[in-house]
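Note sheet for the following structure.
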């Protein structure tokens with residue numbers, strides 16, 4: 004784990020169409036079976052909450068959140084490899100949960116590969132519980148991989164949702 008300079012500024016900013024190419028580059032660098040740039044454009048056009056994670060104005064990650072009625076769904080969350088294992092994914096996840104609460108979501112869902120134990124641990128530590136399984140959900144080297152479906156209730160007075 005590398006340490007950050009004390010003066011490094013980490014922040015979130017909206018994603019726009021002009022950011023898709025760079026976001027797509029990070030996506031492909033981190034996932035063997037990645038989203039296409041077109042999927043990111045579709046998410047933006049659909050009005051999903053698309054956020055960039057910036058460190059000193061350098062794009063180091065992103066998150067895509069869909070909110071409908073009182074439910075939210077994290078569709079994608081990624082921190083670029085050189086910045087992993089430094090707490091940025093947790094900050095991004097907390098930011099997305101806070102944004103979901105701001106949009107009156109009562110519960111937040113996500114899918115995760117069973118072959119991604121670090122992500123599963125992050126989600127469990129953040130209060131997510133496994134609620135189901137989607138068979139053959141993901142593309143995989145040997146065909147398809149199931150997805151664990153995880154969820155977490157969002158309580159409006161939960162201080163963890165209000166600290167950003």
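Residue numbers (the working numbering): 4 to 167. Each residue gets a CB set at the ideal place from its N, CA and C atoms; glycine is no exception. As the structure is a computational prediction, the values presented were derived from the model and not from experiment.
Distance from residue 92 to residue 125 at the Cβ level is roughly 6 Å; contact confirmed, criterion being Cβ atoms closer than 8 Å. When rounded, the separation of the alpha-carbon atoms in residue 49 and residue 85 is 30 Å. In the three-state scheme derived from DSSP, where H, G and I count as helix and E and B as strand, residue 115 is classed as strand. Residue pairing of residue 65 in beta bridges, as defined by DSSP: 55 and 81. DSSP, reduced to helix, strand and coil, places residue 15 within a strand of the structure shown.
In the DSSP assignment, residue 106 forms no beta bridge with any residue. According to the DSSP assignment, residue 45 belongs to no beta strand (DSSP E) but to the alpha helix (DSSP H) extending over 40 to 48.
Your pair residue 55 and residue 23 does not check out as a contact, with CB atoms roughly 11 Å apart and the cut at 8 Å. In the three-state reduction of the DSSP assignment, residue 88 falls in the coil class.
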